[in-house]
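So the structure is just underneath, and the comments pick up after that.
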Amino acid sequence: MLDLEDGVAPTSKDSARENLVKYFQRDHDGSNSSIFHIVRINSVDYSPWFTDDISAVAQLVESDAGIAVCLPKIESLDDIEFVSKELRDRCGHGGKPIPLWPMIETPRAILTSLSISSHPSINGLILGTNDLSKYLNIPVGTREGLKKLYK
3 MLDLEDGVAP
13 TSKDSARENL
23 VKYFQRDHDG
33 SNSSIFHIVR
43 INSVDYSPWF
53 TDDISAVAQL
63 VESDAGIAVC
73 LPKIESLDDI
83 EFVSKELRDR
93 CGHGGKPIPL
103 WPMIETPRAI
113 LTSLSISSHP
123 SINGLILGTN
133 DLSKYLNIPV
143 GTREGLKKLY
153 K
C-alpha cells in the first residue's frame, strides 16, 4: 500500500503526492502487472488534502497504472458514491468502476458496512483497528485492552 494519509506528515503531503506520480511514471511500465498497488488517500470529510489526492489518483488511473484506491474514514454508501463520482469526473475511465477499498474505522462504518460493500466499485473492506479502538475507548496494546476485546 502506498500511503498519502497518516503515514505522511502534513508538511510532506505535496511532495509525497508528487513522488507517487513519479514512481508510476518512472517505475511502472506494465511489466510487473502481477503487482497490485493500493493508494491510500486522505479522507473525504476530514482532510484539506482530499481534492489534491483525488486529482493525483485520477492522473494515475488515466495512465492505466493499475491501481486501487484505499479510502480512510468511510462511514456510509454516500461517501463511496461521492468519491466514485469525483474519480469518474476527473478521468474518463470508460465507465469502468475504479477499484475502491474503504477503511471501516468507526462504529457507524461497522453498522453501515453491508451497504458500503454493495457498491460495484468495492473490491474489499479494510478494518482500521487503531481508529476503531480509539472510538470504542479500547486501549491498544495493553493487557486491559485485550481483556476488553476478548470478554
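Per my numbering, the sequence shown starts with residue 3, numbered consecutively.
Think of the CB as a built atom: it goes at the ideal place given N, C-alpha and C, for glycine as much as any other residue.
- Fully contained in the segment 97-125 are the following alpha helix (DSSP H) runs of length 4 or more, in chain order: 109-119.
- Counting along the chain, L6 sits inside no beta strand (DSSP E), nor does DSSP assign it H or E at all.
- The three-state secondary structure of I82, taken from DSSP, is helix.
- Between I69 and V41, the C-beta gap is smaller than 8 Å, which places the two residues in contact.
- Straight across, the Cα-Cα distance linking A58 with S17 is about 12 Å.
- Per DSSP, reduced to three states, the secondary structure at I128 is strand.
- When rounded, the separation of the alpha-carbon atoms in P99 and L127 is 16 Å.
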